[in-house]
Amino acid sequence: MKYYLTTPIYYTNGTPHIGHAYCTIVADAIKRFKIMQGYDAVLTTGTDEHGVNVERSAQAAGKAPREFCDIVAGEWRRTWKMLGLGIDRFIRTSDPRHHETVRWLFERCRSNGYIYPGKYTGQYCIFDNLYVNDAKPGDPCPDCGRPTETVTEENYFFKLSQFRDRLIEFHEENPGFVQPETRRNEVLAFLKGELKDLSITRTSITWGIPAPVEGKHVIYVWFDALIAYLTAVRDQQAGGEPLWPADLHLIGKEIIRFHAVFWPAFLMAADLPLPKKIFAHGWLLFEEDKMSKSRGNIVRAEPIRQVVGADGLRYFLLREIVLGQDGSFSYDALIGRYNSDLANGLGNLASRTLSMIQQYRDGLVPPSSGAAISGLARETIRAVTLAWERFEFSKGLEAVWNLLSAVDKYIVQQAPWTLAKKADAHSQQQLDDTLYTAAEALRVATILLSPVLPESAAKIWTQLGMKEPLDSVKLKALDWGQLTPGQPVQNIGPVFPRIDLTEAVAKMRELEAQISAEQAALLGKKPSEQPKNAQPSETISIEDFGKVDMRVGVVLSAEPVKGADKLLHLKVDIAEPQPRTIVAGIAEAYQPEVLIGRKVVIVANLQPRKLRGITSEGMIVAASIEGQKPVLASFLEDIPTGARLK
Ligand code: MSP
206 MKYYLTTPIY
216 YTNGTPHIGH
226 AYCTIVADAI
236 KRFKIMQGYD
246 AVLTTGTDEH
256 GVNVERSAQA
266 AGKAPREFCD
276 IVAGEWRRTW
286 KMLGLGIDRF
296 IRTSDPRHHE
306 TVRWLFERCR
316 SNGYIYPGKY
326 TGQYCIFDNL
336 YVNDAKPGDP
346 CPDCGRPTET
356 VTEENYFFKL
366 SQFRDRLIEF
376 HEENPGFVQP
386 ETRRNEVLAF
396 LKGELKDLSI
406 TRTSITWGIP
416 APVEGKHVIY
426 VWFDALIAYL
436 TAVRDQQAGG
446 EPLWPADLHL
456 IGKEIIRFHA
466 VFWPAFLMAA
476 DLPLPKKIFA
486 HGWLLFEEDK
496 MSKSRGNIVR
506 AEPIRQVVGA
516 DGLRYFLLRE
526 IVLGQDGSFS
536 YDALIGRYNS
546 DLANGLGNLA
556 SRTLSMIQQY
566 RDGLVPPSSG
576 AAISGLARET
586 IRAVTLAWER
596 FEFSKGLEAV
606 WNLLSAVDKY
616 IVQQAPWTLA
626 KKADAHSQQQ
636 LDDTLYTAAE
646 ALRVATILLS
656 PVLPESAAKI
666 WTQLGMKEPL
676 DSVKLKALDW
686 GQLTPGQPVQ
696 NIGPVFPRID
706 LTEAVAKMRE
716 LEAQISAEQA
726 ALLGKKPSEQ
736 PKNAQPSETI
746 SIEDFGKVDM
756 RVGVVLSAEP
766 VKGADKLLHL
776 KVDIAEPQPR
786 TIVAGIAEAY
796 QPEVLIGRKV
806 VIVANLQPRK
816 LRGITSEGMI
826 VAASIEGQKP
836 VLASFLEDIP
846 TGARLK
């Protein structure tokens, strides 16, 4: 049986951050679970490359849209590969095959009478090239705040209004179509209001799919984008079945209307089957705000992968966040979860169990006559399967950890280290039972965890000496007692080495700063202009420059220094355990209170110096022009505290 699932296709006006990775990782985990249930699962993702915003980003980078999208789409593809995600097809909307599908669907809808030419009269922002629905003449643009203009444009319209009743009926008859419930209610409330026809072509833009009509019409980016789900699998089969309709569209909550109202209407208009389910997840927040490029608070996956592995990130996201709700990311919480659950929990149980089998039974799994833990293990298999079917990953993982901690307790109770010292048959039998039980529980847990921790589960699997490949194990065949006595186990080192919090966070921040600079260069961001009055100074080598440790800091407090008009006494956090004390000669240029919370650049490895009795542990960097007030170096983009300047 086939199972076709999709992630949204991502805009190429930006590069991936862990908010996007969240959706794609969840999709990958679902795919792996479905395969374990016996489905032929297919996962697609891709890039949404048309429209004004992408066109503008390309312009800003000084590149043609096509060239720009080639670079950015490459970044998305590379990120998913680097995270080891099982993407079967990657769709780019600039692909001619996709253009063909879009035109085909447009024509189907048109010949069924659902597309008509009309005049759009409404408010338009000339700065953002944006139609502002529901705005009245004179209203400001919601994006830039400048006044909108009333425009009239010849467009093609989709008769969305005609689908209102059918859509309401459909949603009412299929209560599981949109999940979670809150989103379904939102969709129904929207449908119960007035549903206006939708303008689906534009003449004001050029970077898009030409509509199969007279004149210079380009297809509206959402009509184009949704059809990518179809392009990905048109005429494709899995297990002898056509892949369309999709079994699951996994999306973020803010694009629910496009998926639960527009998309079904387009498909109905073209007489095509509707997808089976839409699940809208919440947002990943960072510093209490949605992680996004425009807010400048993004965290990328690569630095995290380098420190805790792709599985460490997967585990955090699936364990910490209830699918459908917003969740917060922080470096501390990430490392906390890694150390407590993976290094101390699963990793520790695996290494203890395997080393005891090495030590007490020459590395061979012993036979067992007991049944301890078997009931709980069977219960866990049921609970995890159910949780996963309901997309309750966090609950499923919790159930596995309950099993792991029960095994930990059982080992402590049995005290195999004491049993090993007793030669009598009963003690030896008990030792066999204990070791078998621990190893068998580990085997069961490894299978149940493999959709979330594919790389690490495979390592534990190998350590257990299992012959059958882990990815061919099917859930319905999983039962207690299938571990073969006599099987040799292997020792291939710790799967989750413990990580030092401070070091790990510093490393991730450093990598983040480095990668963000690399990506800016890759996207062709122009270097800033040279100040006119800068005199070239004597050249130094890169090694000389490398000796200066400059970091991003945030000002925690600022006070005047008694008896010194020019000095301020600052406390600056540069992501070290203690903030730095810095005495800076900037009092004439800045009021102390305006500095609090401001990001500044600190030279962190200057020899400490005493000024007015205060030891200054660094220097704050400012531009200084003869006869003028100093101006602090700062950043336009948000940048993590502690990042190094290179
Ligand atoms: N291109 C459209 C989707 C078209 S689908 C036919 C789009 N692209 S997007 O790049 O802006 O967003 C893609 C997905 O990433 C959305 O589902 C969005 O919710 C998700 N996320 C973007 N930032 C996110 C977080 N901070 N957290 C979780 N998901 C986030 O919309």
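Mapping to the numbering used here: the sequence shown position 54 is 259, numbers consecutive. The C-beta atom is built at its ideal place from N, Cα and C for all residues, glycine as well. On a predicted model such as this, the values are computed, not experimentally measured, just so you know.
On the criterion of 16 or more Cβ atoms from any shown chain inside 10 Å, does residue i qualify as buried, or is it exposed?
i: Val799; result: exposed
i: Ser839; result: exposed
i: Gly487; result: buried
i: Asp770; result: exposed
i: Leu624; result: buried
i: Met241; result: buried
i: Lys236; result: buried
i: Phe750; result: exposed
i: Asn544; result: buried
i: Ala739; result: The predicted position of Ala739 is uncertain, since its pLDDT is 40 and thus under 50; a value taken from the coordinates is nonetheless stated next. Label assigned to Ala739: exposed.
i: His631; result: exposed
i: Met671; result: buried
On the premise that residue j lies in contact with residue i, defined as a C-beta separation below 8 Å, what is that separation, rounded to the nearest angstrom?
i: Ile578; j: Tyr520; result: Rounded, the Cβ-Cβ distance is 23 Å, inconsistent with contact.
i: Arg271; j: Ser299; result: 7 Å
i: Pro572; j: Asp637; result: 6 Å
i: Thr406; j: Asn360; result: 5 Å
i: Leu761; j: Pro784; result: 5 Å
i: Leu523; j: Leu591; result: Actually they are not in contact, since the Cβ atoms of Leu523 and Leu591 sit about 16 Å apart, beyond 8 Å.
i: Pro347; j: Val337; result: 6 Å
i: Thr211; j: Tyr434; result: 5 Å
i: Pro699; j: Gly517; result: With a Cβ gap of about 13 Å, Pro699 and Gly517 do not count as contacting.
i: Asp609; j: Leu554; result: At residue 609 the sequence reads Leu, which differs from the Asp that was named. At roughly 6 Å, the Cβ-Cβ gap stays under 8 Å, so Leu609 and Leu554 are in contact.
i: Leu310; j: Phe471; result: 7 Å
i: Thr217; j: Thr252; result: 5 Å
i: Met755; j: Val806; result: 6 Å
i: Leu248; j: Gly291; result: 6 Å
i: Pro415; j: Leu716; result: So it is not a contact: roughly 42 Å between Cβ atoms.
i: Val504; j: Ile704; result: Between Ile704 and Val504 the Cβ distance is about 17 Å, and since that is not below 8 Å, they are no contact.
i: Gly501; j: Asp843; result: 3 Å
i: Gly550; j: Trp606; result: 6 Å
Verify the CB distance criterion: does residue i have a CB-CB separation below 8 Å to chain C?
i: Lys771; result: The chain labelled as chain C is not found in the depicted structure, where only one protein chain is given.
So residue i is in the beta strand (DSSP E); what residue range does that whole segment cover?
i: Asn360; result: Glu354 to Phe363
i: Gly327; result: Ile320 to Cys330
i: Lys767; result: Looking at the DSSP string, Lys767 is not in any beta strand (DSSP E), and its letter there is neither H nor E.
i: Tyr209; result: Lys207 to Tyr216
i: His304; result: Counting along the chain, His304 falls outside any beta strand (DSSP E), though it belongs to the alpha helix (DSSP H) covering Pro301 to Ser316.
i: Arg294; result: Arg294 to Arg297
i: Ser821; result: Ile819 to Ser821
i: Gly670; result: Here Gly670 belongs to no beta strand (DSSP E), and DSSP marks it neither H nor E.
i: Ile456; result: Leu453 to Gly457
i: Ala485; result: Ile483 to His486
i: Arg785; result: Arg785 to Ala789
i: Phe534; result: Gly532 to Phe534
Is residue j closer than 8 Å to residue i when the C-beta atoms are compared?
i: His255; j: Asp429; result: yes
i: Leu816; j: Val788; result: yes
i: Gln719; j: Ile697; result: no
i: Ile801; j: Pro835; result: no
i: Ala515; j: Pro221; result: no
i: Arg714; j: Ala538; result: no
i: Pro480; j: Ala443; result: no
i: Trp412; j: Val259; result: yes
i: Arg388; j: Ile461; result: yes
i: Val570; j: Pro690; result: yes
i: Thr642; j: Pro621; result: no
i: Ile432; j: Val307; result: yes
i: Leu365; j: Lys324; result: no
i: Ile214; j: Leu728; result: no
i: Leu654; j: Ala611; result: no
i: Val466; j: Val527; result: no
i: Val694; j: Ile652; result: no
Taking residue i as part of the alpha helix (DSSP H), name the residues at either end of that continuous run.
i: Phe750; result: Ile747 to Gly751
i: Ala515; result: Ala506 to Glu525
i: Phe375; result: Arg369 to Glu378
i: Thr249; result: From DSSP, Thr249 is part of no alpha helix (DSSP H) but of the beta strand (DSSP E) over Asp245 to Asp253.
i: Phe491; result: From DSSP, Phe491 is part of no alpha helix (DSSP H) but of the beta strand (DSSP E) over Leu489 to Phe491.
i: Leu811; result: Per DSSP, Leu811 belongs to no alpha helix (DSSP H) and is neither H nor E.
i: His222; result: Taken as a continuous stretch (DSSP letters only), His222 belongs to no alpha helix (DSSP H), as it is neither H nor E.
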